[in-house]
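**Q** Under UniProt numbering, the first residue of the sequence shown carries the number 1, and numbering increases by one thereafter.
Virtual Cβ for every residue (Gly too), placed ideally from N, Cα, C.
All values derive from a computational prediction rather than experimental measurement.
A single structure is presented below for examination.
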Amino acid sequence: MLNFPWARRILPRTGTQKERTPFLERRLGVWRILIAADESSSFRLPNLQWGVVSTHFPLLIRAYKDFHSVSPKLFWLLMVTNLWYAIEDPLSLYFSNRLLLLIQRSVLEGKIHTSLDKDLCIAIIARASCSAFSGFVQWASNGVKDQYRMLVCYRFQEWLLRANLARDIEASQDNEAGLTVNTKQVFYCLVRLIDLGKEIISFLLQLRLLLHLLGSEFASAGLASIVMCFLPLILDNMWDNELWSKAYVKQAVNDDYLRQEALTSLAKHTYKAEVMGGNLSGYLLNGRVLSIFEFQNHSHKLLEYQKVHDALSHIPNGDVEDLWKRSTTALPSMFSNLCNDGPMLYIGLLALMNPSQVSVVQLAMLEQAATRLRYTFSFAKHIISLYPTELAGLKNFYRLLDLKNKMKDGCMPYSPAAGSSGLSLEVRNVSFNYPGAKSERDALKDVSFSIKAGQLVVIVGANGSGKSTILKLLTRYYDTTSGTVLIDGNPIEDYRIADLRSVTASLTQEHTLFPLSMSENIGIGSPSSVTNLDKIAQAAKLAGAQDVIKNFTDGYDTVLEPVKTAHLSYTGRGNEVLKNEYEKMEKTTNVSGTSHLLGWCVY
């Protein structure tokens with residue numbers, strides 16, 4: 001190990017200490033790193049834990065069934081193209097080797113030979129056809145994959161939207177409901193497993209071709225040539241010591257580095273008012289109060305910052321994975337590179353001892369076959385190393401889909417009787433506390449009252465007295481902790497939630513606008529009337545919003561809270577024309593009182 005002053009060896013823990021701390025500790029630069037102890041064998045595929053794979057096997061089966069159901073035709077096209085990619089490299093390698101051998105024979109014989117010329121022509125045509133067909137498959141598969149990705153992402157996003165919309169308030173507050181899922185990542189997780197299968201098939205076919213090559217064209221090289229071809233694959237795994245493939249935690253423990261980060265944060269918005277109001281910039285500079293002119297003309301150094309900068313000038317604070325590489329010896333890397341050249345060096349020694357046994361063409365064939373085999377193996381290993389992280393995203397997707405509601409829906413339909421003036425309510429001995437509330441005090445305690453059909457009732461009380469809580473119970477956002485809420489004499493839990501909410505309307509103090517047009521914001525409460533512009537205009541008039549809406553250029557089609565999709569590239573920020581156009585895009589329109597007025601729904 002190189003003698004870096006900022007790097008310390010990992011000290012092995014023994015006896016009871018090892019049992020109490022199942023990790024290794026290391027200092028690299030400003031960082032302290034805790035690395036989970038790895039008790040697996042030295043030859044392994046990184047992060048490949050068959051227990052994890054077997055545990056998630058039912059999930060993968062379910063995922064691929066869903067994957068297939070989106071478009072069976074595109075699914076099998078994707079599988080066929082990946083099968084071709086698995087065959088392509090070994091097949092291309094075979095045609096290349098055969099073409100090289102025939103060219104060598106043609107050059108050595110130096111005369112026209114009908115049989116040889118025929119074989120050579122066939123080899124040329126086969127190699128050219130393989131290349132042309134590969135190009136066509138690559139062009140076609142890109143379109144297939146993009147189309148399939150789009151369909152899968154749309155379908156999976158639809159399933160997520162359905163699950164999120166159907167989730168009740170209490171279930172939405174569950175920790176799992178806050179999981180973030182990207183449907184593109186779910187798609188590529190499934191594709192990655194197909195890629196892994198492709199690489200495994202390709203590796204086995206290339207391995208068979210290499211063994212055939214060593215057994216026929218290089219029979220004189222013996223067993224040593226086979227060992228030379230496989231030695232790099234073995235050593236790469238034995239010496240695979242990359243930090244990114246390990247489970248670790250890092251923490252900055254250098255006092256000067258921590259102070260530097262703290263001083264840098266003082267310029268952020270969080271502390272801006274205090275720094276400006278207290279004129280604290282003087283302390284950061286040279287310990288005295290400075291004028292604005294002195295501060296802006298850069299004539300004074302940031303003395304406090306300069307102190308920590310000087311202290312850190314010889315201590316690395318870069319990425320821990322790069323520091324990890326720098327703290328190890330170069331011998332494994334040097335020996336690994338020599339092993340990669342092993343087959344060529346070995347054949348070179350054979351040629352030195354007996355030139356008649358080896359040709360340049362044979363050497364090129366062996367080098368090409370061994371290189372492709374190593375590349376395929378390394379790529380498959382890379383896919384395996386990343387797969388546990390991607391599998392976690394797939395698991396989160398189905399956890400969101402399978403998250404159950406906390407409240408049970410009733411089975412009794414609710415439809416007001418003809419000529420009814422409304423529904424009757426009775427709250428009988430109701431107590432309630434919010435799920436997960438830290439306060440031992442109930443939000444409602446033994447509350448009872450009744451409201452007859454058609455009555456106008458105003459509930460008043462101090463802040464925190466439970467007014468909003470009562471409304472949430474009446475609209476079945478939550479169920480009571482104890483007591484009963486009766487609607488028309490029946491427990492509220494017996495009714496279907498959708499039926500109850502279809503005959504009620506809620507207008508909150510701060511109504512949230514949806515990123516939809518103004519007409520949809522008004523009519524969304526009555527799906528049957530959402531396209532009826534006459535009813536929407538009538539509702540806007542009754543709410544006093546009609547004059548406000550008419551002032552907009554797009555009228556009822558105006559979107560006050562548009563979805564943000566615009567992006568100005570870094571290079572485009574210097575272009576005033578583009579910048580002006582960007583600032584016009586997707587701007588939020590603020591109109592006082594509009595959100596409250598649009599809260600009225602059409603019935």
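Using the beta-carbon count (16 or more within 10 Å), is Tyr154 buried or exposed?
**A** As a first step, residue 154 must be located in the sequence shown, where it is residue number 154. Exposed, since its Cβ has fewer than 16 Cβ neighbours within 10 Å.
**Q** For a test of the three-state rule: what should DSSP assign to Tyr603, helix, strand or coil?
**A** If you number the sequence shown from 1, residue 603 lands on position 603. Interpretation of Tyr603 is limited by its pLDDT of 41, a score under 50 that renders its predicted location unreliable; the figure taken from the coordinates is listed afterwards. Coil at Tyr603, not helix or strand.
**Q** Pairing CB atoms from the segment 500-517 with CB atoms from the segment 529-541, are three or more of them under 8 Å?
**A** At 8 Å Cβ cutoff, the stretches do not touch.
**Q** Count the other CB atoms within 10 Å of the CB of Leu211; is the residue buried (16 or more) or exposed (fewer)?
**A** Counting from 1 along the sequence shown, the entry for residue 211 is found at position 211. By the 10 Å Cβ count, Leu211 comes out exposed.
**Q** Exposed or buried, what is Val427 when buried is set at 16 or more other beta-carbons lying within 10 Å of its beta-carbon?
**A** Numbered from its first residue, the sequence shown carries residue 427 at position 427. The residue is buried, with at least 16 neighbouring Cβ atoms inside 10 Å.
**Q** For the pair the segment 178-191 and the segment 484-493, tell me if three or more CB-CB distances fall below 8 Å.
**A** Judged by Cβ distances under 8 Å, the segment 178-191 makes no contact with the segment 484-493, as fewer than three pairs qualify.
**Q** Assess contact between the segment 85-104 and the segment 365-383, defined as three or more Cβ pairs (one per stretch) separated by less than 8 Å. Is contact present?
**A** Yes, the segment 85-104 touches the segment 365-383.
**Q** Between Ser202, Glu493, Ala392, which has its C-alpha nearest Phe187's C-alpha?
**A** Here residue 187 corresponds to residue number 187 of the sequence shown, with the count starting at 1. Taking only the C-alpha atoms, the option nearest Phe187 is Ala392.
**Q** Please say whether Ile315 and Gly572 have beta carbons closer to each other than 8 Å?
**A** Numbered from 1 along the sequence shown, position 572 holds the residue referred to as residue 572. Numbered from 1 along the sequence shown, position 315 holds the residue referred to as residue 315. It is not a contact, given that the beta carbons lie outside the stated cut-off.
**Q** Is Ser317 helix, strand or coil by DSSP?
**A** For the purposes of this step, residue 317 is taken as the residue at position 317 of the sequence shown. Note on residue identity: the sequence assigns Asn, not Ser, to residue 317. Of the three classes helix, strand and coil, the one that applies to Asn317 here is coil, per DSSP.
**Q** Out of Lys395, Asn354, Ser465, Ile459, point me to the one whose CA is closest to Ser431's CA.
**A** Translated into the one-based positions of the sequence shown, residue 431 becomes position 431. Nearest option by C-alpha distance: Ser465.
**Q** Here's a check: name, in chain order, each residue in its chain whose Cβ is nearer than 6 Å to the Cβ of Phe67, leaving out the five neighbours to either side.
**A** Here residue 67 is taken as the residue at index 67 of the sequence shown, counted from 1. Answer for Phe67: Leu190, listed in chain order.
**Q** Give me, in chain order, the residues of the same chain whose beta-carbon lies closer than 8 Å to that of residue 626; leave out the 5 immediate sequence neighbours on both sides.
**A** The structure shown has nothing for residue 626, since the chain only spans 1 to 603.
**Q** When DSSP labels each residue in this structure, what does Ser502 get in the three-state scheme?
**A** Working through the sequence shown from its first residue, we reach residue 502 at position 502. Correct three-state label for Ser502: helix.
**Q** Could you tell me the distance, in whole angstroms, from the CA atom of Thr376 to the CA atom of Gln173?
**A** Against the sequence shown, residue 376 aligns to sequence position 376. Against the sequence shown, residue 173 aligns to sequence position 173. Roughly 46 Å separates the two Cα atoms.
**Q** Please return the same chain residues whose Cβ sits closer than 8 Å to the Cβ of Ser415, not counting the five positions on each side in sequence.
**A** For the purposes of this step, residue 415 is taken as the residue at position 415 of the sequence shown. Cβ neighbours of Ser415 beyond the five flanking positions: Asp499.
**Q** What distance in whole Å lies between the Cβ atoms of Asp494 and Gly410, which are believed to be in contact at a cut-off of 8 Å?
**A** In the sequence shown, the residue the question calls residue 410 occupies position 410. In the sequence shown, the residue the question calls residue 494 occupies position 494. Rounded, the Cβ-Cβ distance is 5 Å, consistent with contact.
**Q** Indicate whether Gln74 and Tyr148 have their beta-carbon atoms separated by less than 8 Å.
**A** Position 74 of the sequence shown, counted from the first residue, corresponds to residue 74. Position 148 of the sequence shown, counted from the first residue, corresponds to residue 148. Checking the sequence, you will find Leu at residue 74 rather than Gln. A contact, by the Cβ cut-off of 8 Å.
**Q** Near residue 610, which residues of its chain fall below 8 Å by C-beta distance, leaving aside the five closest residues on each side in sequence?
**A** This structure does not reach residue 610, given that the chain is present from 1 up to 603, and the question cannot be answered.
**Q** Between the Cα of Ile461 and the Cα atoms of Lys452, Leu444, Tyr477, which residue gives the shortest distance?
**A** Mapped onto the sequence shown, residue 461 falls at position 461. Before going further, note that residue 461 is Gly rather than Ile in the sequence given. Nearest of Lys452, Leu444, Tyr477 to Gly461, Cα basis: Leu444.
**Q** For the alpha helix (DSSP H) holding Ala86, just list the boundary residues, first then last.
**A** Residue numbering aside, residue 86 sits at position 86 when the sequence shown is read from its first letter. Per DSSP, Ala86 belongs to the alpha helix (DSSP H) from 72-109.
**Q** Which residues in the same chain have their Cβ closer than 8 Å to the Cβ of Val447, if we skip the five residues on either side of it in sequence?
**A** Taking the first residue of the sequence shown as position 1, residue 447 is located at position 447. Taken in chain order, the residues that qualify are Val427, Asn429, Val430, Ser431, Gly466, Ile470, Gly483.
**Q** Give the straight-line distance between the Cα atoms of Gly574 and Glu581, rounded to the nearest whole angstrom.
**A** Residue 574 sits at position 574 when you count from the first residue of the sequence shown. Residue 581 sits at position 581 when you count from the first residue of the sequence shown. Answer to the nearest angstrom: the Cα atoms are 13 Å apart.
**Q** Where do the N-terminal and C-terminal ends of the alpha helix (DSSP H) with Ile549 fall, by residue?
**A** For the purposes of this step, residue 549 is taken as the residue at position 549 of the sequence shown. From DSSP, the alpha helix (DSSP H) with Ile549 extends over 546-550.
**Q** Measuring only the C-alpha atoms, how far is Leu120 from Ile103?
**A** For the purposes of this step, residue 120 is identified with residue 120 of the sequence shown, where counting begins at 1. For the purposes of this step, residue 103 is identified with residue 103 of the sequence shown, where counting begins at 1. Straight-line Cα distance between these residues: approximately 7 Å.
**Q** Tell me the rounded alpha-carbon separation between Leu425 and Leu165.
**A** In the sequence shown, the residue the question calls residue 425 occupies position 425. In the sequence shown, the residue the question calls residue 165 occupies position 165. For Leu425 and Leu165, the distance between alpha carbons rounds to 27 Å.
**Q** Please return the same chain residues whose Cβ sits closer than 7 Å to the Cβ of Asn254, not counting the five positions on each side in sequence.
**A** If you number the sequence shown from 1, residue 254 lands on position 254. For Asn254, where only same-chain residues beyond five positions count, the Cβ hits under 7 Å are Val30, Ile315.
**Q** Go to Tyr257, then tell me how far its alpha helix (DSSP H) extends in each direction, as first and last residue.
**A** The residue given as residue 257 occupies position 257 in the sequence shown. Start and end: 255-265.
**Q** Excluding the five sequence neighbours on either side, which residues of its own chain have a C-beta within less than 6 Å of the C-beta of Ser151, listed in chain order?
**A** Here the question's residue 151 lines up with position 151 in the sequence shown. Reading off the sequence shown, one finds Leu at residue 151, where the question assumed Ser. Cβ neighbours of Leu151 beyond the five flanking positions: Val70, Ser71.
**Q** If you drop the 5 nearest sequence neighbours on each side, which residues of the same chain put their C-beta closer than 6 Å to that of Met79?
**A** Working through the sequence shown from its first residue, we reach residue 79 at position 79. Taken in chain order, the list of residues that qualify is empty.
**Q** Among the residues of its own chain, which have a CB less than 8 Å from the CB of Glu520, if the five just before and after it don't count?
**A** In the sequence shown, residue 520 corresponds to position 520, counting from 1. Hits under 8 Å: Phe514, Val530.
**Q** I'd like to confirm the pairing. Which residues does DSSP put opposite Thr484 in its beta bridges?
**A** The residue labelled residue 484 in the question sits at position 484 within the sequence shown. Its beta-bridge partners are Arg428.
**Q** Which value, in whole angstroms, describes the spacing of the CA atoms of Gln260 and Val308?
**A** In the sequence shown, counting from the first residue as 1, residue 260 sits at position 260. In the sequence shown, counting from the first residue as 1, residue 308 sits at position 308. Their backbone Cα atoms lie some 6 Å apart in a straight line.
**Q** Beta carbon of Ile549, beta carbon of Met518: below 8 Å?
**A** Your numbering for residue 549 matches position 549 in the sequence shown. Your numbering for residue 518 matches position 518 in the sequence shown. Against a cut-off of 8 Å, the Cβ pair of Met518 and Ile549 comes out as a contact.
**Q** For Gln251, report the span of its beta strand (DSSP E) as first-last.
**A** Taking the first residue of the sequence shown as position 1, residue 251 is located at position 251. Segment 248-252, the beta strand (DSSP E) holding Gln251.
**Q** Distance check for Glu170 and Asp310, CA to CA, integer angstroms please.
**A** Along the sequence shown, one-based indexing puts residue 310 at 310. Along the sequence shown, one-based indexing puts residue 170 at 170. Roughly 54 Å separates the two Cα atoms.
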